[in-house]
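Take 2 as the starting number for the sequence shown in my numbering and just add one per residue.
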Amino acid sequence: MADLTTNYMGLTLHNPIIIGSSGLTSSLNEIHELEKNGAGAIVLKSLFEEQIMLETQHKLEEAAKNDFIYDAYSETLDYIDVHIRDKQLSGYLEHIREIKASVMIPVIASINCITSHEWTYFAHRIEEAGADALELNVFVMPFNFNDPCDRNMKTTVDILQKVKRKVHIPVAVKISPYFSNLGNVLIQLAGAGADAMVLFNRFAGPDIDIEKLEVSVANRFSAPSDLTNTLRWIAVASSRIKTPLAASTGVHHWQDVVKLLLTGAQVTQITSAVYLNGPEIIHQILDNIHHWMDKKGFNYIDQFRGKLSQNKTDNPEVYERLQFMKYFSEIR
Ligand SMILES: Cc1cc2nc3c(=O)[nH]c(=O)nc-3n(C[C@H](O)[C@H](O)[C@H](O)COP(=O)(O)O)c2cc1C
Numbered sequence: 002m003a004d005l006t007t008n009y010m011g012l013t014l015h016n017p018i019i020i021g022s023s024g025l026t027s028s029l030n031e032i033h034e035l036e037k038n039g040a041g042a043i044v045l046k047s048l049f050e051e052q053i054m055l056e057t058q059h060k061l062e063e064a065a066k067n068d069f070i071y072d073a074y075s076e077t078l079d080y081i082d083v084h085i086r087d088k089q090l091s092g093y094l095e096h097i098r099e100i101k102a103s104v105m106i107p108v109i110a111s112i113n114c115i116t117s118h119e120w121t122y123f124a125h126r127i128e129e130a131g132a133d134a135l136e137l138n139v140f141v142m143p144f145n146f147n148d149p150c151d152r153n154m155k156t157t158v159d160i161l162q163k164v165k166r167k168v169h170i171p172v173a174v175k176i177s178p179y180f181s182n183l184g185n186v187l188i189q190l191a192g193a194g195a196d197a198m199v200l201f202n203r204f205a206g207p208d209i210d211i212e213k214l215e216v217s218v219a220n221r222f223s224a225p226s227d228l229t230n231t232l233r234w235i236a237v238a239s240s241r242i243k244t245p246l247a248a249s250t251g252v253h254h255w256q257d258v259v260k261l262l263l264t265g266a267q268v269t270q271i272t273s274a275v276y277l278n279g280p281e282i283i284h285q286i287l288d289n290i291h292h293w294m295d296k297k298g299f300n301y302i303d304q305f306r307g308k309l310s311q312n313k314t315d316n317p318e319v320y321e322r323l324q325f326m327k328y329f330s331e332i333r
């Protein structure tokens, strides 16, 4: 049987299927199910900077209202602020310790942050708790129209550099596709020492309820049609950047995993597919990949990884063409 063993940021995975950061990795029972069904590694639900900051602020306001704090600018405030943050964090750290004590697969912690201020502190504690690696989910959407084009890139690189100075475990950066020059972002992150890059994070979009005349949240889960953008960028980036790439968004079927490996992904992350089909889908995907590799005569993944990346395929322009005039003009 084909060997699916994969190295990801120095971690040895039984296979290239990583469960993406989400509520799927919030409970120990569910994590055991993911491991039992063959997950190569898991990314824990993110610790959100915003959530911690809001919680801290809320509790401080409550305390101030109840006269527990006499002077809003006193040292007491600093102490309480740090204490509340510590409590939030201690739950997450305990979760890491518990998981590490009961699973064999690599455990990647995740921090969702929008500034570089709190990161280093969290990252260091997460390393101490025993996480095998850290994924930085940098969540800056370009909604401020007055920001210069490279503002988000600078923030992302700044965060990575600060975290890398604090921890020794490998650090991956999970980014969105919303940059004015994505390729340059990847080059900058590689230069700043990213051990891997996760392409891409996916955000829930808005929808409109035309009966209630209300705005609502759409598409919590990805669809198979989301894969093509991931495929494009993995194929293009893997041809030009040495840093390992984790493909994320739109991976729903075993064929998607094979396609992403062929375009040069080191690993693939799946989230929506597990929500929609249960953890058994991991097992099914792996069985089918084994079957496909046996049929094709591949004994291990490196025999075909990147075979169809942009620089290896006979048809590299397909990855860059956006309009396909020839094909569109054929449609009547
Ligand atoms: C319910 C849900 C919760 C998620 N929570 C997080 C999170 O805490 N941190 C994060 O980095 N990504 C989070 N994600 C994004 C996923 O990790 C993943 O990047 C995204 O869903 C695209 O992958 P998919 O197409 O396999 O679903 C979440 C996704 C879903 C559906």
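Virtual Cβ for every residue (Gly too), placed ideally from N, Cα, C. Computed from a predicted structure; not experimentally measured.
Item, Value
"Residues bridged to A42 [DSSP beta-bridge criterion]", "I19"
"Contact check, A247 vs A132, beta carbons under 9 Å", "no"
"Given I18 as reference, the closest of V108, D159 and M2 once Cα atoms are compared", "V108"
"Pairwise C-alpha distance: K37 and G21", "16 Å"
"Three-state secondary structure assigned by DSSP to M294", "helix"
"Buried or exposed (CB count within 10 angstroms, at least 16 for buried), I112", "buried"
"C150, buried or exposed, once every other Cβ within 10 Å from all chains shown has been counted against 16", "exposed"
"Backbone secondary structure at Q270 - three-state DSSP", "strand"
"Within 9 Å, strictly: CB atoms of E136 and V237", "no"
"Inter-stretch contact (C-beta, 8 Å, three-pair minimum) for the segment 149 to 164 and the segment 114 to 129", "yes"
"Per DSSP, the bridge partner or partners of T13", "N8"
"Counterpart residues of L135 in DSSP-defined beta bridges", "A110 and V172"
"Ligand 1 heavy atom lying under 8 Å from the CB of T156", "no"
"Any non-hydrogen atom of ligand 1 within 8 Å of V168 CB", "no"
"Rounded straight-line distance, which links the Cα of F305 to that of D148", "42 Å"
"Rounded distance between the beta-carbons of V258 and I290, thought under 8 Å", "6 Å"
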